[in-house]
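Chains as they are written, first to last, in my numbering: chain U, 1 to 421; chain R, 1 to 421. Here a beta-carbon is modelled for each residue, glycine too, at the ideal position from N, C-alpha and C. Below is one structure, written out as structure tokens; comments come after it.
Number of protein chains: 2
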Amino acid sequence: MDSRTITIRTTWKTQSIIMKKLKLFFILTITFSTLLAASLSFSACKMPEKMATGDLGVIIERMDGSVLIVNNTSLSILCRVKGLGDLSHASIVFSRDARFAFVFGRDGGLTKIDLLNGVIVKRIMQSGNSIGGAISQDGRYVAVSNYEPGGVNIFSVDDLSKVADIPAVYGESNLRSKTVGLVDAPGNQFIFSLYDGNEIWQVQVEKNADSVSTSTKKYLNAGKAPYDGLISSNGRYYIAGLFGEDGLSLLDLWHPEKGLQRILSHYGKGKKKLPVYKMPHLEGWAIAGKYAFLPAVGLHEVLVVDINTWQEVKRIKVHSQPVFAMASPDDRQIWVNFAFPDNNILQVIDSETFEIIKQFQPGKGILHMEFTPRSEHVWVSVRDNDEIIIYDTKTLKELKRLPAKKPSGIFFSSRAHRIGL
Amino acid sequence: MDSRTITIRTTWKTQSIIMKKLKLFFILTITFSTLLAASLSFSACKMPEKMATGDLGVIIERMDGSVLIVNNTSLSILCRVKGLGDLSHASIVFSRDARFAFVFGRDGGLTKIDLLNGVIVKRIMQSGNSIGGAISQDGRYVAVSNYEPGGVNIFSVDDLSKVADIPAVYGESNLRSKTVGLVDAPGNQFIFSLYDGNEIWQVQVEKNADSVSTSTKKYLNAGKAPYDGLISSNGRYYIAGLFGEDGLSLLDLWHPEKGLQRILSHYGKGKKKLPVYKMPHLEGWAIAGKYAFLPAVGLHEVLVVDINTWQEVKRIKVHSQPVFAMASPDDRQIWVNFAFPDNNILQVIDSETFEIIKQFQPGKGILHMEFTPRSEHVWVSVRDNDEIIIYDTKTLKELKRLPAKKPSGIFFSSRAHRIGL
Chain U
1 MDSRTITIRT TWKTQSIIMK KLKLFFILTI TFSTLLAASL SFSACKMPEK MATGDLGVII
61 ERMDGSVLIV NNTSLSILCR VKGLGDLSHA SIVFSRDARF AFVFGRDGGL TKIDLLNGVI
121 VKRIMQSGNS IGGAISQDGR YVAVSNYEPG GVNIFSVDDL SKVADIPAVY GESNLRSKTV
181 GLVDAPGNQF IFSLYDGNEI WQVQVEKNAD SVSTSTKKYL NAGKAPYDGL ISSNGRYYIA
241 GLFGEDGLSL LDLWHPEKGL QRILSHYGKG KKKLPVYKMP HLEGWAIAGK YAFLPAVGLH
301 EVLVVDINTW QEVKRIKVHS QPVFAMASPD DRQIWVNFAF PDNNILQVID SETFEIIKQF
361 QPGKGILHME FTPRSEHVWV SVRDNDEIII YDTKTLKELK RLPAKKPSGI FFSSRAHRIG
421 L
Chain R
1 MDSRTITIRT TWKTQSIIMK KLKLFFILTI TFSTLLAASL SFSACKMPEK MATGDLGVII
61 ERMDGSVLIV NNTSLSILCR VKGLGDLSHA SIVFSRDARF AFVFGRDGGL TKIDLLNGVI
121 VKRIMQSGNS IGGAISQDGR YVAVSNYEPG GVNIFSVDDL SKVADIPAVY GESNLRSKTV
181 GLVDAPGNQF IFSLYDGNEI WQVQVEKNAD SVSTSTKKYL NAGKAPYDGL ISSNGRYYIA
241 GLFGEDGLSL LDLWHPEKGL QRILSHYGKG KKKLPVYKMP HLEGWAIAGK YAFLPAVGLH
301 EVLVVDINTW QEVKRIKVHS QPVFAMASPD DRQIWVNFAF PDNNILQVID SETFEIIKQF
361 QPGKGILHME FTPRSEHVWV SVRDNDEIII YDTKTLKELK RLPAKKPSGI FFSSRAHRIG
421 L
């Protein structure tokens with residue numbers, strides 16, 4: 001397999017006098033801004049003086065550039081934080097203490113939110129157009145996947161200062177590719193795919209005494225147009241979905257020397273190609289026990305794959321073109337939502353019988369689902385209802401509705417402790 | 001298979017006037033005690049005014065009846081909390097917001113600790129002799145497994161008031177059995193084994209308007225002397241180790257109608273029976289990918305079992321009689337410690353090749369290991385050194401030592417978000 005290794009070393013030395021002065025100025029500015037932000041927003045949010053964050057979550061309100069901080073024990077909204085820019089395709093990771101949320105906006109904005117105080121701690125514009133991020137295993141760095149300019153930027157979680165810049169340059173003309181499917185992996189690594197470059201990159205980030213260094217391994221010929229990626233919950237398998245050809249690209253991180261493997265190469269959009277209304281998403285939570293459940297591109301199917309053999313076990317017929325297929329943490333159910341115009345339907349698949357055991361039709365614009373970490377509830381965002389609906393996974397009954405302005409992604413802070421989420 | 005269902009309904013109605021008065025008195029007492037405890041201990045602990053608890057942990061100091069609150073980002077000790085009684089075989093679970101730790105002491109003590117303030121919120125003596133506990137999926141109840149009197153008690157997490165009492169009565173003479181291997185399971189269930197009764201019980205806890213009800217299903221003939229249990233991380237399989245005969249008892253919670261299954265029935269202590277110096281422990285984290293790694297009773301072996309077929313795949317020869325065999329969250333390594341007199345050795349097994357890749361000899365009395373949730377570090381308690389040693393799982397190098405008085409169990413707050421831990 002084609003692969004080559006390039007090491008890029010950045011030297012962000014912090015010892016010079018100028019840097020020290022700048023640092024002081026910077027700290028003062030930050031402190032002042034934080035205090036100002038705190039004084040403006042804290043009282044509005046009415047956060048308890050003492051609180052833990054283990055059962056909190058953050059919900060994207062895509063139209064208003066705001067997020068809601070919620071509590072998944074009391075099933076309530078604690079606070080709305082505003083001023084996050086364009087959140088039309090936003091995602092979130094959490095700091096390792098679960099205090100801070102890092103919000104990756106569509107417009108290249110990167111925002112650090114303090115859940116304890118309900119305020120923005122810092123916000124930067126790190127590119128012109130971005131598509132998700134990840135946090136390193138050691139909790140020191142957040143990486144952002146960018147479309148424009150194509151590449152990945154890496155920032156310190158403390159002050160969002162940039163510590164590395166990895167342009168996704170490919171081919172002989174040195175073009176830059178959109179990057180997609182960015183995840184964290186064990187060994188302080190980030191893995192992502194080059195949509196235009198048809199490559200998968202594996203980046204290791206290392207902290208030195210006064211600098212940060214990255215080393216990048218590139219896997220060429222990953223297949224045409226990888227559009228998203230997932231990593232198994234133990235961080236072993238990275239899988240990129242392909243839009244431009246049949247099959248998926250698999251990287252076994254326990255055996256990078258084996259290079260990429262093509263799986264499900266007979267799976268494609270079929271002879272009767274259907275128009276694709278929305279690209280499906282791949283998420284680490286699509287793996288339940290020994291099976292991966294993958295939304296098929298352009299088909300009304302969820303693919304079931306045995307992760308020991310990477311062979312297709314079954315194609316489950318579903319209502320329409322699936323967007324997310326997410327497994328409950330107890331591996332018992334797969335919840336599936338669909339692309340427009342069928343985004344008013346939610347289906348629940350039994351992970352053992354592969355049968356659809358329930359269908360909901362709670363409203364239009366079902367955009368995301370998030371399970372509580374021990375599996376008892378699932379929160380669903382219904383954009384056109386301006387609502388979050390909470391279901392009991394055992395009884396499949398609705399528990400509660402919460403108001404939210406055009407909600408999309410839902411992210412619980414327990415993700416702080418998971419690989420690849 | 002023998003199994004019968006009994007439903008016990010408790011009616012802890014809280015509407016009577018007497019109860020209301022008692023409640024008021026109780027609240028005042030609690031408030032006063034909490035304030036007193038806070039005033040005495042808070043300043044001693046110097047906890048930060050604002051803090052999240054996602055990267056905190058609690059370490060048992062078995063001789064002094066104290067615990068340490070630690071931080072696994074800064075690799076530091078934040079606070080010592082004293083006055084927890086006999087902690088010689090103690091374990092801990094966390095509230096769903098990860099703010100509170102519930103410590104189960106050997107002497108039947110149940111102590112609720114507030115990690116934010118570093119104080120005991122409440123402490124009760126709930127039996128004469130206990131052996132571990134669990135917290136329900138909904139986060140409302142902690143259950144404690146008791147030797148004397150044999151059974152399980154269930155308490156409200158809020159005030160540690162008792163909401164159910166399940167005596168482990170078995171056989172025709174209505175004897176009470178020691179209970180062991182208590183874990184939580186999805187569907188707000190607790191599963192445990194009767195050491196003397198040779199049964200496995202499945203208890204469901206339900207909250208009603210003004211009472212709590214439990215229903216118990218008993219699986220008879222579980223095998224002779226189940227000594228501990230584990231549940232797979234998705235909450236599907238409960239496995240009890242047997243001390244009195246060969247094999248292990250398996251309950252598939254997705255198919256309770258199938259009753260118990262005996263697995264590894266050819267596995268026993270062998271013809272040349274070795275004395276057993278310490279009963280091994282079974283923990284949910286012994287399952288890595290498609291294999292379970294189980295410490296063999298009385299043998300110098302770790303058993304590898306395929307969890308799809310429940311067949312033995314391999315017996316790994318290890319240094320001595322294993323006590324814990326724990327898989328790293330990235331499934332890459334199994335760390336094993338040993339019974340006296342070989343409790344100065346720590347071995348690391350590669351989960352793929354089944355080979356021992358490293359042996360440490362850091363001191364005597366290696367009692368427990370705990371991985372950080374994203375697998376980068378492992379903390380090891382070395383009792384006779386009065387030390388905690390932190391290792392990097394990638395380089396297998398020692399990172400730091402922290403002083404601790406005769407440390408045993410180490411528990412990180414991320415357990416709050418895991419099934420069966």
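- Query: Which whole runs of the beta strand (DSSP E) in the stretch 75 to 117 of chain R are 3 residues long or more, in chain order?
  - Reply: 76 to 81, 91 to 94, 100 to 104, 109 to 114
- Item | Bridge partner(s) assigned by DSSP for E206 of chain U | U:S213
- For the beta strand (DSSP E) that L253 of chain R lies in, which residues bound it at each end? Counting along the chain, L253 of chain R falls outside any beta strand (DSSP E), and DSSP gives it neither H nor E.
- When DSSP builds the beta bridges, which residues end up paired with N71 of chain R? R:L56, R:S76
- Item | 6 Å Cβ shell around L264 of chain U - same chain, five flanking residues per side excluded | G247, L248, E312
- Query: Going by the beta-carbon positions, is the gap between G54 of chain U and S91 of chain R smaller than 9 Å?
  - Reply: no
- Message: Within the continuous beta strand (DSSP E) that includes N337 of chain U, where are the two ends?
- Response: 333 to 338
- Should I316 of chain U go down as buried or exposed, given a rule of 16 or more other Cβ atoms within 10 Å for buried? buried
- Should F94 of chain U be flagged as near chain R, meaning a C-beta pair shorter than 9 Å? yes
- Message: Considering just the uninterrupted stretch of the beta strand (DSSP E) at N153 of chain U, what are its terminal residues?
- Response: 151 to 156
- Residue burial classification, F155 of chain R (beta-carbon count within 10 angstroms, cutoff 16): buried
- Between the CA atoms of S145 of chain R and G171 of chain R - distance to the nearest angstrom: 19 Å
- Item | Start-end ranges of the beta strand (DSSP E) lying completely within the stretch 278 to 328 of chain R, minimum 3 residues | 291 to 295, 301 to 306, 311 to 317, 322 to 327
- Message: So, for D165 of chain U: in the same chain, excluding its five sequence neighbours on each side, which residues have a beta-carbon less than 6 Å away from its beta-carbon?
- Response: N153
- Query: DSSP state of D386 of chain R, grouped into three classes?
  - Reply: coil
- What is the C-beta distance between T435 of chain U and H368 of chain U, in whole angstroms, given that I count them as a contact (C-beta under 8 Å)? With chain U covering only 1 through 421, there is no way to say anything about residue 435 of chain U.
- Message: Would P341 of chain U pass as an interface residue toward chain R - the criterion being a Cβ-Cβ separation below 9 Å?
- Response: no
- Query: Counting pairs of Cβ atoms below 8 Å between the stretch 58 to 72 of chain R and the stretch 106 to 117 of chain U, do you hit three or more?
  - Reply: no
- Item | Range of the contiguous beta strand (DSSP E) that encloses P226 of chain R | 226 to 231
- Do G57 of chain R and F411 of chain R have their C-beta atoms within less than 9 Å of each other? yes
- Message: What are the residues in the stretch 53 to 72 of chain R lying within 9 Å of chain U by C-beta distance?
- Response: T53, G54, D55, L56, N71, N72
- Between the Cα of M439 of chain U and the Cα atoms of U:D350, U:I307, U:N344, which residue gives the shortest distance? Because chain U here runs from 1 to 421, residue 439 of chain U falls outside it and cannot be looked at.
- Item | Simplified DSSP state of R123 of chain U, which is helix, strand or coil | strand
- Message: Just to make sure I have the definition right: I need the residues of chain U whose C-beta is within less than 8 Å of the C-beta of K397 of chain R. Which are they?
- Response: Within chain U, no residue comes near K397 of chain R; the closest Cβ sits about 14 Å away, beyond 8 Å.
- Between which two residues does the beta strand (DSSP E) containing P167 of chain R stretch? 162 to 167
- Query: For L194 of chain U versus P149 of chain U, is the C-beta spacing smaller than 9 Å?
  - Reply: no
- Task: Could you name the residues of the stretch 362 to 375 of chain R whose beta carbon sits closer than 7 Å to any beta carbon of chain U, in the order they occur along the chain?
- Result: P373, R374, S375
- 9 Å Cβ cutoff, M326 of chain U in contact with chain R: no
- Query: Counting only beta-carbon atoms, is I30 of chain R nearer than 9 Å to chain U?
  - Reply: Because I30 of chain R carries a pLDDT of 47, less than 50, the predicted location of this residue cannot be relied on, and no value is offered for it.
- Message: What residue range does the beta strand (DSSP E) around H368 of chain U cover?
- Response: 366 to 371
- Please report the residue range of the beta strand (DSSP E) in which K358 of chain R lies. 356 to 360
- Task: Note down the Cα distance separating S233 of chain R from V180 of chain R, rounded to an integer number of angstroms.
- Result: 19 Å
- Spatially closest choice to F336 of chain U from U:N71, U:E283, U:I77, by CA coordinates: Note that residue 336 of chain U is Val in the sequence shown, not Phe. Cα-wise, what sits closest to V336 of chain U is U:E283.
- Query: In whole angstroms, what separates the C-alpha of G244 of chain R from that of V142 of chain U?
  - Reply: 52 Å
- Partners in chain R for G134 of chain U, counting only beta-carbon separations shorter than 7 Å: Strictly speaking, residue 134 of chain U in this sequence is Ala, with Gly absent from that position. Going along chain R, no residue has its Cβ under 7 Å from A134 of chain U, so there is no contact; the nearest lies around 12 Å.
- Which of helix, strand or coil does DSSP assign to H266 of chain U? coil
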